[in-house]
Amino acid sequence: MQVFRHFPLSSETPIGLTIGNFDGVHIGHQALIQKLIEESKRRKITPSVMTFEPHPKEFFVPEHAPTRLTSLREKLEFFSSCGVENVFVCAFNKKFANISSDVFMHQILKKQLKAELIIVGDDFRFGAQRLAGIEDLRKSGFELFEIPEIDVKGKRVSSTSIRDDLKEGRIESVNEFLGRSYSISGKVVKGDGRGRQMGFPTANIHMKHSRPALTGVYAVKLGNRNGVANLGIRPTVAGIPKLLLEVHLLNFNEDIYGQHVQVTFLEKIRDEMKFENINALTEQIKKDVIHATRFFEK
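Be aware that the sequence shown starts at 26, since it is given in my numbering, and climbs by one per residue.
Rendered as structure tokens:
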């Protein structure tokens with residue numbers, strides 16, 4: 026899979042294209058990508074995705090921007106696993122936001138990318154101030170597929186609904202919308218060793234973003250290993266200003282520093298909370314480990 030940070034002056038081959046933020050890559054997004062792969066293969070053109078970094082709302086209203094469900098790397102890994110061949114990662118800045126719909130359609134999509142087929146959701150909008158939509162694409166001569174929204178148990182599948190469910194710890198609902206278990210991936214980095222001092226050594230996962238969609242204590246898998254994770258700011262420990270994802274692996278004490286790992290969240294145990302002292306925190310962690318152990322035994 027090729028990843029482009031800039032639009033080529035002229036694509037080497039015609040492409041099929043889907044466009045969006047794809048945060049979470051939920052089952053609605055997957056329906057778009059599946060249709061893209063099928064129709065591109067039938068036409069013998071290159072299946073391609075256009076996405077944005079950062080999320081447009083992080084540019085326009087950073088103080089009200091949504092929490093991230095997936096990092097750019099996680100999205101790219103998912104696109105690759107689906108069979109996408111090109112990904113155009115658009116730097117969403119003032120220049121990009123001001124591109125008119127006509128320039129976007131005729132200069133970028135038609136002339137530079139040679140997009141012959143476009144597949145989007147039925148609420149797709151584009152161009153400066155989001156003034157254009159699906160009918161504008163159709164009138165400009167693109168072959169177009171609209172993918173309707175997907176409902177699960179009467180609830181619309183969206184990145185927003187997934188964020189809401191993660192915030193409330195409704196992991197089962199989240200996983201139904203994702204079509205897989207929710208996970209966060211990152212590199213294992215050295216921490217301050219405080220967990221080991223308390224008798225619970227942890228793998229510290231580097232977080233790409235400071236505003237995750239969930240916080241608290243969870244039963245998790247790190248790869249194929251069982252564990253307990255805390256995602257938060259460790260309020261009992263003074264002087265920790267940044268977000269941390271710490272995983273204590275059950276019955277495991279090997280060196281995995283430097284590895285890129287995936288942490289899969291399976292069940293919420295509790296919210297993060299502040300304790301009176303380290304001893305009280307240690308006692309609670311013992312209970313968390315017992316809770317997680319029983320969960321995995323089931």
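All residues carry an ideal CB built from backbone N, CA and C; glycine is no exception.
All of these numbers come straight from a predicted model, not from anything done at the bench.
(message) Please give me, in chain order, every unbroken run of the alpha helix (DSSP H) with length at least 4 that falls completely inside the segment 204 to 268.
(response) Those alpha helix (DSSP H) runs which fall completely within the segment 204 to 268 and span 4+ residues are 219 to 222.
(request) Measure the alpha-carbon distance for Asn123 versus Ala90 and round it to whole angstroms. (result) Counting from one through the sequence shown, the residue named residue 123 turns up at place 98. Counting from one through the sequence shown, the residue named residue 90 turns up at place 65. When rounded, the distance between both Cα atoms is 19 Å.
(request) For Leu142, write down the residues that DSSP places opposite it in a beta bridge. (result) For the purposes of this step, residue 142 is taken as the residue at position 117 of the sequence shown. As DSSP reads the structure, Leu142 sits in a beta bridge with Gly41, Glu168.
(message) Pull the bridge partners of Thr289 from the DSSP assignment, please.
(response) The residue you call residue 289 lines up with position 264 of the sequence shown. Under the DSSP definition of a beta bridge, Thr289 partners with Ser208, Lys246.
(message) In the DSSP assignment, the beta strand (DSSP E) including Pro72 goes from what residue to what residue?
(response) Reading the sequence shown from its first residue, position 47 is the one you call residue 72. Taken as a continuous stretch (DSSP letters only), the beta strand (DSSP E) holding Pro72 covers 71 to 78.
(request) Out of Glu141, Leu138, Asp147, Met75, state which residue places its alpha-carbon closest to the alpha-carbon of Val112. (result) Here residue 112 corresponds to residue number 87 of the sequence shown, with the count starting at 1. Closest option to Val112, Cα to Cα, is Met75.
(request) Helix, strand or coil for Arg195, going by three-state DSSP, please let me know. (result) Locating residue 195 in the sequence shown gives position 170, counting from the first residue. Here Arg195 sits in coil by DSSP.
(request) Below 8 Å on the Cβ atoms is my guess for Glu174 versus Val182; work out the distance and round it to an integer in Å. (result) The residue you call residue 174 lines up with position 149 of the sequence shown. The residue you call residue 182 lines up with position 157 of the sequence shown. A Cβ-Cβ separation of about 7 Å places Glu174 in contact with Val182 under the 8 Å criterion.
(request) Go ahead and label Ala305 buried or exposed: buried means 16 or more other beta carbons lie within 10 angstroms of its beta carbon, across all protein chains shown. (result) Numbered from its first residue, the sequence shown carries residue 305 at position 280. Result: exposed.
(request) Pull up the distance between the alpha-carbon of Phe103 and that of Arg30, whole angstroms please. (result) Residue mapping note: residue 103 aligns to position 78 of the sequence shown, counting from 1. Residue mapping note: residue 30 aligns to position 5 of the sequence shown, counting from 1. Rounded to the nearest angstrom, the two C-alpha atoms are 18 Å apart.
(message) Just to confirm, is the Cβ distance from Leu274 to Ala238 under 8 Å?
(response) Along the sequence shown, read from residue 1 onward, the residue named residue 274 stands at position 249. Along the sequence shown, read from residue 1 onward, the residue named residue 238 stands at position 213. No. Outside cutoff.
(message) Measuring alpha carbon to alpha carbon, tell me which residue in Gly241, Leu142, Ser198, Asp296 is nearest Leu57.
(response) Reading the sequence shown from its first residue, position 32 is the one you call residue 57. Here the closest residue by C-alpha is Leu142.
(message) Along the chain, where does the alpha helix (DSSP H) containing Asn278 start, and where does it finish?
(response) Position 253 of the sequence shown, counted from the start, is the residue given in the question as residue 278. Premise fails: Asn278 is in no alpha helix (DSSP H) and is neither H nor E.
(request) For Gln137, collect the residues of the same chain with a Cβ closer than 7 Å to its Cβ; drop the 5 residues on either side in sequence, then sort them by chain order. (result) Sequence index remark: in the sequence shown, residue 137 carries index 112 (1-based). The answer, listed in chain order, is Phe32, Pro33, Leu34, Ser35, Ser36.
(request) May I have the straight-line CA-CA distance separating His285 from Leu61, to the nearest angstrom? (result) On the sequence shown, residue 285 is found 260 positions in, with the first residue counted as 1. On the sequence shown, residue 61 is found 36 positions in, with the first residue counted as 1. For His285 and Leu61, the distance between alpha carbons rounds to 30 Å.
(request) Mind the definition here: the segment 205 to 218 touches the segment 267 to 281 only if three or more C-beta pairs lie below 8 Å; say whether that holds. (result) Using a C-beta cut-off of 8 Å, the segment 205 to 218 makes contact with the segment 267 to 281, since at least three inter-stretch Cβ pairs fall below that distance.
(request) Specify the secondary structure class of Asn111 as computed by DSSP and reduced to three states. (result) Working through the sequence shown from its first residue, we reach residue 111 at position 86. Under the three-state reduction of DSSP output, Asn111 falls in the strand class.
(request) May I have the straight-line CA-CA distance separating Phe47 from His54, to the nearest angstrom? (result) On the sequence shown, residue 47 is found 22 positions in, with the first residue counted as 1. On the sequence shown, residue 54 is found 29 positions in, with the first residue counted as 1. A straight-line Cα-Cα distance of about 6 Å links Phe47 and His54.
(message) Based on DSSP bridge pairs, tell me the residues matched to Ala116.
(response) For the purposes of this step, residue 116 is taken as residue 91 along the sequence shown, with counting starting at 1. The partner list for Ala116 (beta bridge, DSSP) reads Glu78.
(message) Quick check on the burial criterion: 16 or more other C-beta atoms within 10 angstroms. Buried or exposed for Asp148?
(response) Reading the sequence shown from its first residue, position 123 is the one you call residue 148. It is exposed - the Cβ of Asp148 has fewer than 16 other Cβ atoms within 10 Å.
(message) By alpha-carbon positions, which one of Glu201, Asp176, Tyr282 ends up nearest to Pro226?
(response) In the sequence shown, counting from the first residue as 1, residue 226 sits at position 201. Distance from the Cα of Pro226 is smallest, within the candidate group Glu201, Asp176, Tyr282, for Tyr282.
(request) Below 8 Å on the Cβ atoms is my guess for Tyr243 versus Leu291; work out the distance and round it to an integer in Å. (result) Along the sequence shown, one-based indexing puts residue 243 at 218. Along the sequence shown, one-based indexing puts residue 291 at 266. Contact annotation, Tyr243 with Leu291: C-beta distance approximately 7 Å; criterion of less than 8 Å satisfied.
(message) Just to confirm before moving on: does the CB-CB distance between Asn200 and Gly216 stay below 8 Å?
(response) Walking along the sequence shown from the start, residue 200 turns up at place 175. Walking along the sequence shown from the start, residue 216 turns up at place 191. Taking 8 Å as the Cβ cut-off, Asn200 and Gly216 do not qualify as a contacting pair.
(request) Under 6 Å Cβ to Cβ from Ile310, same chain only, skipping five residues before and after it: list those, please. (result) Translated into the one-based positions of the sequence shown, residue 310 becomes position 285. Here the set comprises Phe225.
(request) Quickly, what does DSSP pair Val28 with across the bridge? List them, please. (result) Here residue 28 corresponds to residue number 3 of the sequence shown, with the count starting at 1. Residue pairing of Val28 in beta bridges, as defined by DSSP: Val112.
(request) Sort Ile294, Thr240, Ile303 by Cα distance to Ile315 and report the nearest one. (result) Residue numbering aside, residue 315 sits at position 290 when the sequence shown is read from its first letter. For the residues Ile294, Thr240, Ile303, the minimum Cα distance to Ile315 belongs to Ile294.
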